[in-house]
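What follows is a single structure, written as C-alpha cells, with notes after it.
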Amino acid sequence: MTSDEIEVFVICAAADIERGGARSFSLSRIDEAGESRPFPIMVIRTHDNDYFGYANSCPHDGVWLNIGGGDFFTPDRGFLKCGRHGATFEIDSGLCIDGPCRGDSLRPVALVVVGGELCLCGVRLVEDDWPMHDDDDETMDIMIHPD
Ligand code: FES
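See the structure below:
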C-alpha cells in the first residue's frame, strides 16, 4: 500500500443503524507493532443522518459506554452517557461536558459511507476475526485512491 491509499473496511450496511440510534462493534485492529488488539467502537447515526464514530471506551475508566443497561444515550437522547458513573458527552464532538472525566473527549474514529455501506477508515482491522458483530455482512476490502 502506498501512502496516498486509504484502507477502508465495511462495518455494516449504513441503514442497519436507525436514525437517532447507535450500535457497538467489537473489532480487532493491528497496532504499529503488528499485534492484534481489541478495538471496540460505537457508531451513532443522528436524526439528520450524520454518522459519528468513537472508540467505545470511556475516558474515565475505559469501560464501554453502553455497559450495564446497554443504552448509549441520556434519557432525552441529546447526549451520550457512560453507563458506569454517568459521564455525559456531546454526540458530535465526543467532548465530556459532565461527570468524572469532564473536559476529556471520546477518541473519534473516521467513518465514511460508500455505496450504502458504513466503512471505517485508516485502521487496519484483523480480518481473520471477521465478522465480530451480530450480523453476517460480507467482509469487503476497498482501496480509495484520492486525487
Ligand atoms: S467509567 Fe465512564 S464515567 Fe466512570
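For reference, each letter of the sequence shown is one residue, going 1252 to 1398 in our numbering. For every residue, glycine included, the Cβ atom is placed at its ideal position computed from N, Cα and C.
Asked, Found
"Compare the Cα-Cα distances from glycine 1304 to each of Arg1358, Gly1334 and Gly1373 and report the closest residue.", "Arg1358"
"Below 8 Å CB to CB, which residues in the same chain sit around tyrosine 1302 once its five sequence neighbours on both sides are set aside?", "Ala1265, Ile1268, Val1294, Ile1295, Arg1296, Leu1362, Val1364 and Leu1369"
"Less than 8 Å between C-beta atoms, sequence neighbours within five positions excluded: which residues of the same chain meet that for phenylalanine 1324?", "Ala1273, Phe1330, Leu1331 and Lys1332"
"Whole angstroms are fine: how far does the CA of phenylalanine 1276 sit from the CA of proline 1289?", "10 Å"
"Consult DSSP for valine 1306 and reduce its assignment to one of helix, strand or coil.", "The question names valine, yet the displayed sequence has alanine at residue 1306. Of the three classes helix, strand and coil, the one that applies to alanine 1306 here is strand, per DSSP."
"Using a 10 Å radius around the Cβ and a threshold of 16 neighbouring Cβ atoms, would you call threonine 1253 buried or exposed?", "Reliability fails at threonine 1253, whose pLDDT of 49 lies under 50, so the model's placement of it is uncertain and the value that follows must be treated cautiously. Threonine 1253 should be labelled exposed."
"Less than 7 Å between C-beta atoms, sequence neighbours within five positions excluded: which residues of the same chain meet that for glycine 1354?", "Cys1347"
"If we ignore side chains and look at the alpha-carbon of each, how far apart do cysteine 1425 and glycine 1285 end up?", "Limits of the chain in this structure are 1252 at one end and 1398 at the other, which puts residue 1425 out of reach."
"Compute every distance between the C-beta of arginine 1270 and the non-hydrogen atoms of the ligand FES, then say whether any falls below 6 Å.", "no"
"Where does alanine 1273 sit, in a helix, a strand or coil, going by DSSP?", "strand"
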